[in-house]
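Numbering follows full-length UniProt numbering, in which position 394 of the sequence shown is assigned residue number 394; successive positions increment by one, without gaps.
Everything below concerns the one structure shown next.
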Amino acid sequence: MKPYPFSAIVGHDQLRLALLLCAVRPEIGGALIRGEKGTAKSTAVRGLAALLSDATGSDAGLVEMPLGATEDRVIGSLDLQRVLRDGEHAFSPGLLARAHGGVLYVDEVNLLHDHLVDVLLDAAAMGRVHIERDGISHSHEARFVLIGTMNPEEGELRPQLLDRFGLTVDVHASRDVDVRVQVIRQRMAYEADPEGFAERYADADAELARRIAAARALVDDVVLPDNELRRIAALCAAFDVDGMRADLVVARTAVAHAAWRGADTVGESDIRVAAELALPHRRRRDPFDDPGIDRDQLDEALARAGSDSSPDPDPDPSGGGQSTDAKETALQQNSARDGKPPPKTRPSAPPSKTFPTRALRVPGVGEGAPGRRSRARNASGSVIAATDADDASCGDGLHLFATLLSAAERAGAGPLRPQPDDLRRAVREGREGNLVIFVVDASGSMAARDRMAAVGGATLSLLRDAYQRRDKVAVITFRHQEARLLLPPTSSAHIAGRRLARFDTGGKTPLAEGLLAARKLI
């Protein structure tokens, strides 16, 4: 069945433009599409793959990477058949080699293991894959368009990985009734007759493929003048982004956009489009910040950059005035001065300001380190060593190179015939997140002085720290005669913010029920 035509997608103009620019210049670093379920994320990616195949004449198409893929399946490994049959030290390509010239698609990339995300992003940025493992020294081209999709409610990407994606787009279902009706009609028509529906949009898709091919041929000749390069640098400085990757991505995207519209020189409009796609996820320092970029702030920054004035390194997108923390503190002080006793049951106050966190170290599970907090042996991390086949306690899967090496040492100059004694297990190591459970007294005494607001603030503080890692936070409240799981284990700031905004307090203190609920959750 033919994929849904790219040109038949209703709305989502920014999403389609981001994908097309990545197709024009894969060095941008791919695109991350964030959005709720059912917003045509996967449909757009599959449509792009068909366009790219027509534009380049390549049959690479779309390569989908499963979440359970191992590192050797992604980058390649020894060709076991040729080693055993011919005694030849040969390389078997992985998914990255298959994706060369096409699209590598990772659905739910936020759930993929961090070390695999690093491998993908390195390959997408460099256009080559270098393998140094299992006695293999190999390098091959891997120029592909990397597209990742994710639902923010299922957990965030760590900012260290988020920054590696070139562009990001947030997509939402339209609330316009006419648009929703059009989407339904289009989808039903496609499902009723996929071939006929695709034929209706064949000319439009062919025109997009032609424009991609023309832009690819032009992109290396597009001129980026010094004054526009200074504008890009001033713009990135004004938004206070970390490092220089943002400047490079904005420049590459602006050049790609100029080529896409058929121009031979980058202009301000190209830089504006590039900034809207490349900066939102780099200026988001906190998981509770709203995604996206303020258009008025962007206009102001572009105007300042164009006049070559000194950019403001710390723009205030809220427009100045009293900070949120100060407002919350003032509200709490006013509430305390009222002197009114709390009712028996009342909604809690919104979470108060957050607190600085200290490093959480768990004895017996490894040293704390960047990324996930604890280092642990698991079945999906990187291979760090080999062990005997009988040692099932710390090995997982076959370590091919160690097995063949053992057989070769025993065989000497004779034919290679591995025996059961030659088998070696692979020892893998990865980063494991922690689950932090708050068991909170929500009885009547906690309503005084808005203590529950402090609990919410502490929870959000840990969740903010978890944004840097893969930790999860849960909240159990107990009051009256029962305990309730207020916040299921999550690393999503969106879910936590909604659940912790309001909850009731009052009644007695059933501590035992709260502890039993925590034990059951663990």
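In this text, a Cβ means the ideal position worked out from N, Cα and C, and glycines have one as well.
ask   = Does DSSP put arginine 272 in a helix, in a strand, or in coil?
value = Here residue 272 refers to the residue found at position 272 when the sequence shown is read from its first residue. Three-state result, arginine 272: helix.
query = If you run the structure through DSSP and keep just helix, strand and coil, what is threonine 345?
reply = Residue numbering aside, residue 345 sits at position 345 when the sequence shown is read from its first letter. With a pLDDT of 46 at threonine 345, under the threshold of 50, the modelled position of that residue is not reliable, and the figure given next carries that caveat. Threonine 345: coil per DSSP, three-state reduction.
inquiry  = Quick check on methionine 65: does DSSP put it in helix, strand or coil?
reply    = Here residue 65 is taken as the residue at index 65 of the sequence shown, counted from 1. The three-state secondary structure of methionine 65, taken from DSSP, is coil.
ask   = Hey, is the region 214 to 231 in contact with the region 252 to 266, meaning 3+ C-beta pairs nearer than 8 Å?
value = yes
ask   = In or out: alanine 31 buried (at least 16 other Cβ within 10 Å) or exposed?
value = As a position in the sequence shown, residue 31 is number 31, starting the count at 1. Classification of alanine 31: buried, given that the 10 Å Cβ count is 16 or more.
task = Please go through the same chain and pick out, in chain order, the residues whose beta-carbon is closer than 7 Å to the beta-carbon of alanine 233, but skip the five residues on each side of it.
result = The count along the sequence shown starts at 1 and reaches residue 233 at position 233. Once the five neighbours on either side are set aside, the close Cβ partners of alanine 233 are Asp247.
ask   = How many Å lie between glycine 514 and valine 439 at the Cα?
value = For the purposes of this step, residue 514 is taken as residue 514 along the sequence shown, with counting starting at 1. For the purposes of this step, residue 439 is taken as residue 439 along the sequence shown, with counting starting at 1. Glycine 514 and valine 439 have their C-alpha atoms some 6 Å from each other.
inquiry  = Just to confirm before moving on: does the CB-CB distance between glycine 47 and serine 53 stay below 7 Å?
reply    = Residue 47 sits at position 47 when you count from the first residue of the sequence shown. Residue 53 sits at position 53 when you count from the first residue of the sequence shown. Not a contact, by the Cβ cut-off of 7 Å.
query = Nearest-angstrom Cα distance between phenylalanine 144 and leucine 67?
reply = Here the question's residue 144 lines up with position 144 in the sequence shown. Here the question's residue 67 lines up with position 67 in the sequence shown. Rounded to the nearest whole angstrom, the C-alpha separation of phenylalanine 144 and leucine 67 is 19 Å.
inquiry  = Cutting at 6 Å between CB atoms, please list the residues of its own chain near tryptophan 260, excluding the five before and the five after it.
reply    = Walking along the sequence shown from the start, residue 260 turns up at place 260. If we look at tryptophan 260 and ignore the five residues flanking it on each side, its Cβ neighbours are Val24, Ala215.
request  = Indicate whether glycine 243 and alanine 124 have their beta-carbon atoms separated by less than 7 Å.
outcome  = Against the sequence shown, residue 243 aligns to sequence position 243. Against the sequence shown, residue 124 aligns to sequence position 124. The answer is no: Cβ separation not under 7 Å.
request  = Please state whether DSSP places serine 335 in a helix, a strand or coil.
outcome  = As a working mapping, residue 335 is identified with position 335 in the sequence shown. Confidence at serine 335 is low in this model, with a pLDDT of 46, below 50, so its placement is unreliable and no value can be given for it.
task = Could you check the C-alpha separation between alanine 55 and glycine 101 for me, to the nearest Å?
result = For the purposes of this step, residue 55 is taken as residue 55 along the sequence shown, with counting starting at 1. For the purposes of this step, residue 101 is taken as residue 101 along the sequence shown, with counting starting at 1. Whole-angstrom Cα-Cα distance: 11 Å.
inquiry  = What does the alpha-carbon distance come out to for the pair aspartate 314 and alanine 69?
reply    = In the sequence shown, residue 314 corresponds to position 314, counting from 1. In the sequence shown, residue 69 corresponds to position 69, counting from 1. For aspartate 314, the pLDDT reaches just 48, beneath the cut-off of 50, and the residue's location in the model is therefore unreliable, although a value from the coordinates is still provided. Distance between the alpha carbons of aspartate 314 and alanine 69 is about 42 Å.
request  = Please list the segments of the beta strand (DSSP E) lying wholly inside the region 82 to 167, counting only runs of 3 or more residues, in order along the chain.
outcome  = 91 to 93, 103 to 107, 128 to 133, 136 to 141, 145 to 150
query = By DSSP, does aspartate 193 sit in helix, in strand, or in coil?
reply = Your numbering for residue 193 matches position 193 in the sequence shown. Aspartate 193 falls in the coil class under three-state DSSP.
request  = Could you pull the start and end residues of the alpha helix (DSSP H) that glutamate 513 belongs to?
outcome  = On the sequence shown, residue 513 is found 513 positions in, with the first residue counted as 1. Where glutamate 513 is concerned, the enclosing alpha helix (DSSP H) stretches over 511 to 521.
ask   = Could you check where the beta strand (DSSP E) with isoleucine 75 kicks off and where it finishes?
value = Taking the sequence shown and counting its residues from 1, one reaches residue 75 at position 75. That residue, isoleucine 75, is in no beta strand (DSSP E); its alpha helix (DSSP H) goes 71 to 75.
query = Do you know whose CA, among Leu235, Leu511, Arg272, lies nearest alanine 301's CA?
reply = Here residue 301 refers to the residue found at position 301 when the sequence shown is read from its first residue. Nearest in C-alpha terms to alanine 301, of all of Leu235, Leu511, Arg272, is Leu235.
query = Going by C-alpha distance, which of Glu154, Ile476, Asp13, Arg185 is nearest serine 491?
reply = Looking up residue 491 in the sequence shown gives position 491. With distances taken between Cα atoms, serine 491 lies closest to Glu154.
query = Roughly how many angstroms lie between the CA atoms of arginine 304 and alanine 275, to the nearest whole one?
reply = Counted from its first residue, the sequence shown places residue 304 at position 304. Counted from its first residue, the sequence shown places residue 275 at position 275. Each residue's alpha carbon lies about 15 Å from the other.
key: DSSP state of residue 533 mapped onto helix, strand, coil   = Given that the chain is displayed from residue 1 to residue 522, the structure contains no residue 533 and the question cannot be resolved.
message = Applying the 10 Å Cβ sphere with the 16-neighbour rule, what's the burial state of glycine 35?
response = On the sequence shown, position 35 is the one that residue 35 refers to. It is buried - the Cβ of glycine 35 has at least 16 other Cβ atoms within 10 Å.
ask   = Does the separation of the CB atoms of glycine 444 and alanine 426 fall below 7 Å?
value = The residue given as residue 444 occupies position 444 in the sequence shown. The residue given as residue 426 occupies position 426 in the sequence shown. No, they are not a contact pair.
key: Cβ shell of residue 523 (< 6 Å), same chain only, five flanking positions each side left out   = Within the shown structure, residues of the chain are numbered from 1 to 522, placing residue 523 beyond reach of any answer.
Whole-angstrom distance between valine 169 and glutamine 14, CA atom to CA atom = Taking the first residue of the sequence shown as 1, we reach residue 14 at position 14. Taking the first residue of the sequence shown as 1, we reach residue 169 at position 169. The C-alpha of valine 169 is placed about 7 Å away from the C-alpha of glutamine 14.
query = First and last residue of the beta strand (DSSP E) that includes phenylalanine 438?
reply = The count along the sequence shown starts at 1 and reaches residue 438 at position 438. Counting along the chain, the beta strand (DSSP E) containing phenylalanine 438 begins and ends at 435 to 441.
key: Span of the beta strand (DSSP E) around valine 10   = As a first step, residue 10 must be located in the sequence shown, where it is residue number 10. No beta strand (DSSP E) contains valine 10, which DSSP labels as neither H nor E.
query = Between lysine 271 and proline 280, is the Cβ-Cβ spacing less than 7 Å?
reply = Residue numbering aside, residue 271 sits at position 271 when the sequence shown is read from its first letter. Residue numbering aside, residue 280 sits at position 280 when the sequence shown is read from its first letter. According to the sequence displayed, residue 271 carries isoleucine and not lysine. At the C-beta level, isoleucine 271 and proline 280 stay beyond 7 Å of one another.
inquiry  = Output needed for threonine 149: all residues of its chain with C-beta closer than 6 Å, excluding positions within five of it in sequence on either side, in chain order.
reply    = Locating residue 149 in the sequence shown gives position 149, where the first residue counts as 1. Closer than 6 Å at Cβ, skipping near neighbours: Ile33, Lys41, Asp107.
task = Look at the Cβ atom of residue 526, then the Cβ atom of phenylalanine 401, and state whether they are nearer than 7 Å.
result = In the structure displayed, the chain extends from 1 to 522; residue 526 sits before or after that span and is not available.
Counted within 10 angstroms of its Cβ, other Cβ atoms place valine 45 as buried (16 or more) or exposed = Start at 1 with the first residue of the sequence shown, and residue 45 comes out as number 45. Buried, by the Cβ-count rule.
message = Within 10 Å of its beta-carbon, does aspartate 163 have 16 or more other beta-carbons around it, so buried, or fewer, so exposed?
response = The count along the sequence shown starts at 1 and reaches residue 163 at position 163. The residue in question, aspartate 163, is buried, as its Cβ has 16 or more Cβ neighbours within 10 Å.
Backbone secondary structure at alanine 426 - three-state DSSP = Looking up residue 426 in the sequence shown gives position 426. Looking at alanine 426 - three-state DSSP - the assignment turns out to be strand.
ask   = Are the beta-carbon atoms of alanine 18 and leucine 224 separated by less than 7 Å?
value = Taking the first residue of the sequence shown as position 1, residue 18 is located at position 18. Taking the first residue of the sequence shown as position 1, residue 224 is located at position 224. Not a contact, by the Cβ cut-off of 7 Å.
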